[in-house]
Amino acid sequence: MCTDIEKIITELKEDPRNAEYTERGIPPVFQFSEHARILIIGQAPGKKVEESLIPFNDKSGEKLISWMGIDKNTFYSEKTAIIPMDFYYPGKGKTGDLPPRKFVAREYHEKIINMMHDIRITILIGSYSQKYYLGDRQKKNLTETVRSYREYLPDYFPIVHPSPLNFRWLKNNPWFESEVVPELKIEVEKALK
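So, in structure tokens, the structure goes:
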């Protein structure tokens with residue numbers, strides 16, 4: 040018998056907008072568990088993740104796991120769901136990866152999220168997920184949204200992307216790792232209890 044998540048995966052693979060990926064044998068990359076306590080909504084898989092088909096299987100993932108204060112086994116367990124704004128690597132642009140394609144979140148997120156009834160905290164990584172999920176509640180820029188993380192609790196916890204490319208932002212905003220990351224660890228620990 041086909042489960043609801045299997046139906047969605049089939050739908051994604053058969054969606055003509057994803058044909059180039061399906062033809063190359065690349066499935067949608069996300070991590071689903073109906074028992075998840077933590078939901079991570081990031082941007083989109085990078086090239087390295089596309090090759091391994093494991094979400095956050097790169098330097099960004101190492102940093103994110105560290106920021107969350109958990110180990111790799113917990114990160115890749117049924118306690119954690121990872122649903123990016125696009126389930127496929129969107130390709131390279133002039134200044135980095137292309138943005139996630141908008142239809143993916145619009146047409147598929149709600150269906151998937153509605154299958155998870157134990158989510159205690161949703162971590163919004165980067166401006167794309169924050170804009171989509173916080174809407175008018177987000178601040179004038181990512182820095183101010185992240186700085187105001189308390190306003191979005193207990194539902195959402197907005198953070199900067201853990202990409203090594205964000206080293207300048209982290210250097211210019213030391214409060215993030217000294218003040219916000221410890222709070223993120225607390226919220227993650229609470230969600231897992």
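Each position in the sequence shown, counted from 1, maps to that position plus 39 in the numbering used here. Backbone N, C-alpha and C fix where the C-beta goes; we use that ideal spot for every residue, glycine too. Only a predicted model underlies this, so the values are computations on that prediction, with no experimental measurement involved.
{"Check": "Meets three-Cβ-pair contact criterion under 8 Å: the segment 63 to 82 and the segment 163 to 171", "Outcome": "yes"}
{"Check": "Alpha-carbon spacing of residue 187 relative to residue 92, whole angstroms", "Outcome": "33 Å"}
{"Check": "Of the residues 219, 128, 133, 197, the one placed nearest residue 160, counting alpha carbons only", "Outcome": "197"}
{"Check": "Cβ contact check for the segment 87 to 106 and the segment 198 to 206: 3 or more pairs under 8 Å", "Outcome": "yes"}
{"Check": "Contacts around residue 150, its chain only, beta-carbon distance under 7 Å, and the 5 residues preceding and following it disregarded", "Outcome": "47"}
{"Check": "Presumed contact (8 Å Cβ cut-off) between residue 124 and residue 60, rounded CB distance", "Outcome": "Not confirmed; about 15 Å, so no contact."}
{"Check": "Buried/exposed call for residue 58, threshold 16 Cβ in 10 Å", "Outcome": "exposed"}
{"Check": "Buried/exposed call for residue 97, threshold 16 Cβ in 10 Å", "Outcome": "buried"}
{"Check": "CB contact flag (residue 154, residue 216, <8 Å)", "Outcome": "no"}
{"Check": "N-terminal and C-terminal residue of the beta strand (DSSP E) that residue 161 is part of", "Outcome": "160 to 164"}
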